[in-house]
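Residue numbering for the sequence shown follows my numbering, beginning at 176 and increasing consecutively.
Everything on this sheet refers to the single structure shown next.
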Amino acid sequence: MQLRPSIFHQTIETAVSFIYPAQCRVCEKIIGIESVPYVCDTCWTNIDIISPPWCEICGIPNAEGICADCATKPPQYGKLRTIGIYHGTLQHLIHLYKFEKRTNLVKHLGQLIIANLPNDFSFDEYDYILPIPIHKKRLRERGFNQTMLLANHISKMSNNPILMDALIREKNTSPQSSLDREARQTNIIGAFALRRSEVVRDKKLLVLDDVYTTGATVREAVKVLWNADPMEIDVLTLARALNPV
Ligand SMILES: [Zn+2]
Ligand SMILES: [Zn+2]
Numbered sequence: 176m177q178l179r180p181s182i183f184h185q186t187i188e189t190a191v192s193f194i195y196p197a198q199c200r201v202c203e204k205i206i207g208i209e210s211v212p213y214v215c216d217t218c219w220t221n222i223d224i225i226s227p228p229w230c231e232i233c234g235i236p237n238a239e240g241i242c243a244d245c246a247t248k249p250p251q252y253g254k255l256r257t258i259g260i261y262h263g264t265l266q267h268l269i270h271l272y273k274f275e276k277r278t279n280l281v282k283h284l285g286q287l288i289i290a291n292l293p294n295d296f297s298f299d300e301y302d303y304i305l306p307i308p309i310h311k312k313r314l315r316e317r318g319f320n321q322t323m324l325l326a327n328h329i330s331k332m333s334n335n336p337i338l339m340d341a342l343i344r345e346k347n348t349s350p351q352s353s354l355d356r357e358a359r360q361t362n363i364i365g366a367f368a369l370r371r372s373e374v375v376r377d378k379k380l381l382v383l384d385d386v387y388t389t390g391a392t393v394r395e396a397v398k399v400l401w402n403a404d405p406m407e408i409d410v411l412t413l414a415r416a417l418n419p420v
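Written out as structure tokens, the structure reads:
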């Protein structure tokens with residue numbers, strides 16, 4: 176019998192954790208068999224879930240009504256909502272998941288989204304979940320699109336189909352995380368292209384991304400998607416950096 180790599184990997188990790196006790200990757204406490212790998216139960220429950228009030232449009236916390244940024248320059252999406260603040264445990268977990276390829280974390284991160292949906296948000300409103308695509312070269316290097324895996328998990332729980340290949344990453348841009356605010360904005364221009372735009376026409380789309388930092392990626396994706404005449408575009412992200420550089 177051949178074990179699938181992910182199951183094999185998890186089995187080995189479980190076995191190793193008996194011999195070499197693991198440390199919580201956030202607080203470094205020795206942990207046993209916790210409900211979420213790499214993180215103790217205390218750190219997991221300390222994830223900063225965003226709660227109201229937030230800007231009705233961009234979802235930034237601690238804003239009443241519409242924030243000054245959205246009032247000055249309204250975004251092209253209807254509304255953007257985020258599950259948690261990008262720091263502490265959530266930042267550690269996303270880093271492990273995305274850059275250290277601990278893909279077994281996807282079910283926990285997906286579950287975190289499902290369990291903490293904002294009170295003014297419902298999956299029922301959307302025809303498709305559209306995960307932000309990564310360039311095929313980056314896909315080859317990383318081995319997976321972290322947002323696509325999250326979308327897969329959410330899609331199973333919410334019964335919303337995923338729309339793949341309608342929006343593609345045409346330009347292999349420098350990683351946004353390596354750039355400052357201004358450079359992110361110019362770096363991402365022209366990164367996306369539409370394919371099969373007829374599938375998007377008159378549809379209600381939920382764009383999904385893992386981390387919202389300056390919003391440059393989401394803004395560019397939404398701008399390109401409007402060229403396909405959808406009815407509505409909203410955005411959901413797992414984490415949001417406050418005060419990004
Ligand atoms: Zn901990
Ligand atoms: Zn706003």
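Even for Gly, the Cβ is constructed at its ideal location relative to N, Cα and C.
Q.
Looking at the secondary structure, which residues open and close the beta strand (DSSP E) in which Lys379 lies?
A. Position 204 of the sequence shown holds residue 379. Looking at the DSSP string, the run of the beta strand (DSSP E) that includes Lys379 is 379 to 387.
**Q.** Contact under 8 Å by Cβ, Pro212 with Leu280
**A.** For the purposes of this step, residue 212 is taken as the residue at position 37 of the sequence shown. For the purposes of this step, residue 280 is taken as the residue at position 105 of the sequence shown. A contact, by the Cβ cut-off of 8 Å.
Q. Between the Cα of His262 and the Cα atoms of Gly318, Pro293, Ile225, which residue gives the shortest distance?
A. By 1-based counting over the sequence shown, the position of residue 262 is 87. The shortest Cα separation from His262 among Gly318, Pro293, Ile225 belongs to Ile225.
Q) Residues in its own chain within less than 7 Å of Ala396 by CB, not counting five upstream and five downstream? A) Position 221 of the sequence shown, counted from the first residue, corresponds to residue 396. Around Ala396: Ile307, Leu342, Phe367, Val382.
Q.
Check whether the region 401 to 408 and the region 307 to 321 are in contact - that is, three or more C-beta pairs closer than 8 Å.
A. Judged by Cβ distances under 8 Å, the region 401 to 408 makes no contact with the region 307 to 321, as fewer than three pairs qualify.
Q: Put Thr141 into one of helix, strand or coil per three-state DSSP.
A: Since the first and last residues shown for the chain are 176 and 420, residue 141 lies out of range.
Q | Residues of its chain near Gly259, where Cβ-Cβ distance is below 8 Å and the 5 sequence neighbours each way are ignored | A | Reading the sequence shown from its first residue, position 84 is the one you call residue 259. So the list reads Ile222, Asp223, Ile224, Ile225, Leu265, Leu287, Asn291, Leu413, Ala414, Arg415, once near-sequence residues are dropped.
Q. CB-CB under 8 Å to Leu325, same chain, minus the five flanking residues each way: which ones, in chain order?
A. Against the sequence shown, residue 325 aligns to sequence position 150. Contacts found: Val281, Leu284, Gly285, Ile288, Pro306, Leu383, Asp385, Leu413.
Q) Taking the alpha helix (DSSP H) that Glu316 falls in, what are its first and last residues? A) Your numbering for residue 316 matches position 141 in the sequence shown. Segment 311 to 317, the alpha helix (DSSP H) holding Glu316.
Q: Report the partner residues of Leu342 according to the DSSP bridge assignment.
A: As a first step, residue 342 must be located in the sequence shown, where it is residue number 167. In the DSSP output, where bridge partners are listed per residue, Leu342 has Leu369.
Q: Report, in whole angstroms, the separation of the C-beta atoms of Lys254 and Ile232, which I expect to be a contact under 8 Å.
A: Within the sequence shown, residue 254 is the residue found at index 79, counting from 1. Within the sequence shown, residue 232 is the residue found at index 57, counting from 1. Lys254 to Ile232, Cβ: 6 Å. Contact.
Q.
According to DSSP, Gln198 sits in a beta bridge with which residue or residues?
A. The residue you call residue 198 lines up with position 23 of the sequence shown. Looking at the DSSP assignment, Gln198 forms a beta bridge with Ile205.
Q: For Arg256, write down the residues that DSSP places opposite it in a beta bridge.
A: Counting from 1 along the sequence shown, the entry for residue 256 is found at position 81. In the DSSP output, where bridge partners are listed per residue, Arg256 has Leu411.
Q: Using 10 angstroms around the beta-carbon of Ile309, count the other beta-carbons present and answer buried if the total reaches 16, otherwise exposed.
A: The residue you call residue 309 lines up with position 134 of the sequence shown. Answer is buried; the Cβ neighbour count reaches 16.
Q | Exposure of Met332, with buried meaning 16 or more beta-carbon neighbours within 10 Å | A | Position 157 of the sequence shown, counting from 1, holds the residue named residue 332. It counts as exposed.
Q) Starting from Tyr303 and walking both ways along the beta strand (DSSP E), at which residues does that stretch end? A) Taking the first residue of the sequence shown as 1, we reach residue 303 at position 128. Boundaries of the beta strand (DSSP E) around Tyr303: 303 to 306.
Q: Compute the beta-carbon to beta-carbon distance between Cys230 and Cys218, rounded to the nearest angstrom, for a pair I have assumed lies under 8 Å.
A: Here residue 230 refers to the residue found at position 55 of the sequence shown. Here residue 218 refers to the residue found at position 43 of the sequence shown. Contact doesn't hold; Cβ gap of about 28 Å is too wide.
Q) Near Val375, which residues of its chain fall below 6 Å by C-beta distance, leaving aside the five closest residues on each side in sequence? A) Numbered from its first residue, the sequence shown carries residue 375 at position 200. Result list for Val375: Ala341, Ala403, Pro405, in chain order.
Q) Where does Ile224 sit, in a helix, a strand or coil, going by DSSP? A) Walking along the sequence shown from the start, residue 224 turns up at place 49. Under the three-state reduction of DSSP, Ile224 is assigned to strand.
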